[in-house]
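Here's the structure we're looking at; comments come further down.
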Amino acid sequence: MLCNKHIRKAFSLAIDRQAVVDTIGISNEMPAINFVPPALKNGINTPYFPTVDIENAKKELEIGLQETGLTKKDLETICLIYPQRENSNTLCQILQQQWLTNLGITIALECLDFKIFLENFSRRKNFFWIFKLLILFS
Numbered sequence: 098m099l100c101n102k103h104i105r106k107a108f109s110l111a112i113d114r115q116a117v118v119d120t121i122g123i124s125n126e127m128p129a130i131n132f133v134p135p136a137l138k139n140g141i142n143t144p145y146f147p148t149v150d151i152e153n154a155k156k157e158l159e160i161g162l163q164e165t166g167l168t169k170k171d172l173e174t175i176c177l178i179y180p181q182r183e184n185s186n187t188l189c190q191i192l193q194q195q196w197l198t199n200l201g202i203t204i205a206l207e208c209l210d211f212k213i214f215l216e217n218f219s220r221r222k223n224f225f226w227i228f229k230l231l232i233l234f235s
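Here's what the structure looks like:
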């Protein structure tokens, strides 16, 4: 189901990155709206994608559901697995709530010990993964 680009895009567009930064950010952090951080682009932060676009997220979801023959109920089998680290639980709960509010999709959350998380990640288990690279080095 997450092999469909429209469904993945819908999940991405439904994230209010500014709200995430405002909730768990540390002093003047900027939302991730680019592939390259502004510090590496002479301070230029032209957005590659919006911080949130609920209308287009819903459109992309509908296209993806039509293409795959899935329903929103089918997407409720998605489990967001994350490592047990500072702010990970809060971040994942924020994403879970935003996807419920903005797309009407409830996903499960599962927190794993960091070592088990990395072992599963290296085996490429078929789950929906999220984590910050900085978490790996903290």
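Heads up: the sequence shown begins at 98 in our numbering, then just goes up one per residue. Beta carbons are placed, not taken as given, at the ideal position from N, Cα and C, and that holds for glycine. As the structure is a computational prediction, the values presented were derived from the model and not from experiment.
Separation of residue j from residue i, as counted between CA atoms
i	j	result
residue 129	residue 166	32 Å
residue 119	residue 126	8 Å
residue 133	residue 219	24 Å
residue 121	residue 188	7 Å
residue 139	residue 212	36 Å
residue 101	residue 164	8 Å
residue 105	residue 195	15 Å
residue 103	residue 185	26 Å
residue 170	residue 183	31 Å
residue 99	residue 123	31 Å
Helix, strand or coil at residue i [DSSP, three-state]
i	result
residue 213	helix
residue 111	coil
residue 205	strand
residue 189	helix
residue 138	coil
residue 199	helix
Residue i and residue j closer than 8 Å at C-beta
i	j	result
residue 173	residue 203	yes
residue 161	residue 107	yes
residue 200	residue 158	yes
residue 192	residue 177	yes
residue 116	residue 154	no
residue 210	residue 181	yes
Span of the beta strand (DSSP E), counted from its first residue to its last, around residue i
i	result
residue 177	176 to 180
Delimiting residues of the alpha helix (DSSP H) encompassing residue i
i	result
residue 161	151 to 165
residue 169	169 to 172
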